[in-house]
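To start, the structure itself, in structure tokens.
Numbering (our numbering), first residue to last: 1341 to 1499.
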């Protein structure tokens, strides 16, 4: 049935968080596995500064679109990280601008056929969100549920 397909699609989704793993989050979140960001994700000011790094996952909080750097990401098998915490933690005054910026970043990656990683990148258990909430937030960015599930599950292929 449709419900079984939805549940099956969610069971392979991963998340990355930016705090020490709290064991009580996993059963309630709907994610298959929650990974700590330390040693897995490189935080950069812009995408081009991460090209020489060994980490495959790169989080650029500026979400500035540098098509040249993103093409090199594809060649070097690096994956940009879109952190939903940026949207969740931003005040309403700046949220609309940030939504547009991240949406444009995601569409540019899709046009370049560069897979990106969606994650909560939560800084605390209080800011962590469930799978269903993450899919809804991704929808605000214009990311279809099918693409959002793929962006959450690609972490399993990378690690």
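Glycine included, every Cβ here is placed at the ideal spot set by N, Cα and C. From a predicted model like this one, the values you see are computed outputs, not experimental measurements.
Check your understanding: Skipping 5 residues on each side, what residues in its chain have a beta carbon closer than 6 Å to that of residue 1414?
Key -> The residue given as residue 1414 occupies position 74 in the chain shown. Excluding sequence neighbours, residue 1414 sits near 1454.
Point to revise | Residue span of the beta strand (DSSP E) that contains residue 1383, given as start and end | key: One-based indexing of the chain shown puts residue 1383 at position 43. Residues 1381-1384.
Point to revise | Residues near residue 1430 by beta carbon distance below 8 Å, same chain, minus five either side | key: The sequence position of residue 1430 within the chain shown is 90, counting from 1. Once the five neighbours on either side are set aside, the close Cβ partners of residue 1430 are 1438.
Review point. Taking just the CA atoms, how far does residue 1359 sit from residue 1464?
Key: As a first step, residue 1464 is located in the chain shown; it is residue number 124 there, counting from the start. As a first step, residue 1359 is located in the chain shown; it is residue number 19 there, counting from the start. C-alpha separation (whole angstroms): 6 Å.
Practice item. Go to residue 1485, then tell me how far its alpha helix (DSSP H) extends in each direction, as first and last residue. Key: Here residue 1485 corresponds to residue number 145 of the chain shown, with the count starting at 1. Element bounds for residue 1485: 1485-1498.
Practice item. Determine the burial state of residue 1480: buried for a count of at least 16 other Cβ atoms within 10 Å of its Cβ, exposed for fewer. Key: Taking the first residue of the chain shown as 1, we reach residue 1480 at position 140. It counts as exposed.
Check your understanding: Which residue comes first and which comes last in the alpha helix (DSSP H) that contains residue 1327?
Key -> Since the displayed the chain opens at 1341 and closes at 1499, residue 1327 lies outside it and no answer follows.
Practice item. May I ask which residues mark the beginning and end of the alpha helix (DSSP H) holding residue 1511? Key: With the chain represented from 1341 up to 1499, any question about residue 1511 goes unanswered, as that position is not in the structure.
Point to revise | Distance, residue 1434 Cα to residue 1469 Cα | key: Indexing the chain shown from 1 puts residue 1469 at position 129. Indexing the chain shown from 1 puts residue 1434 at position 94. Going by the C-alpha atoms only, they are around 20 Å apart.
Exercise for review: Quick one: using the 10 Å Cβ neighbour count with 16 as the cut-off for buried, is residue 1478 buried or exposed?
Suggested key: Position 138 of the chain shown, counting from 1, holds the residue named residue 1478. Its Cβ being crowded by 16 or more others within 10 Å, residue 1478 is buried.
Practice item. Measure how close the beta-carbons of residue 1495 and residue 1356 come, nearest whole angstrom, since I'm counting them as under 8 Å. Key: Taking the first residue of the chain shown as 1, we reach residue 1495 at position 155. Taking the first residue of the chain shown as 1, we reach residue 1356 at position 16. Indeed, because the Cβ distance is near 7 Å, the residues count as touching under 8 Å.
Review point. Since residue 1423 sits in a beta bridge, which residues does DSSP pair it with?
Key: In the chain shown, counting from the first residue as 1, residue 1423 sits at position 83. Partner(s): 1459.
**Study point:** Own chain partners of residue 1416 with C-beta closer than 8 Å, once the 5 adjacent residues on each side are dropped
**Key:** The count along the chain shown starts at 1 and reaches residue 1416 at position 76. By the criterion of a C-beta distance shorter than 8 Å, residue 1416 is surrounded in its chain by 1391, once the five residues flanking it on both sides are discounted.
Point to revise | residue 1346, DSSP secondary structure in three states | key: Position 6 of the chain shown, counting from 1, holds the residue named residue 1346. Reliability fails at residue 1346, whose pLDDT of 39 lies under 50, so the model's placement of it is uncertain and no value is given.
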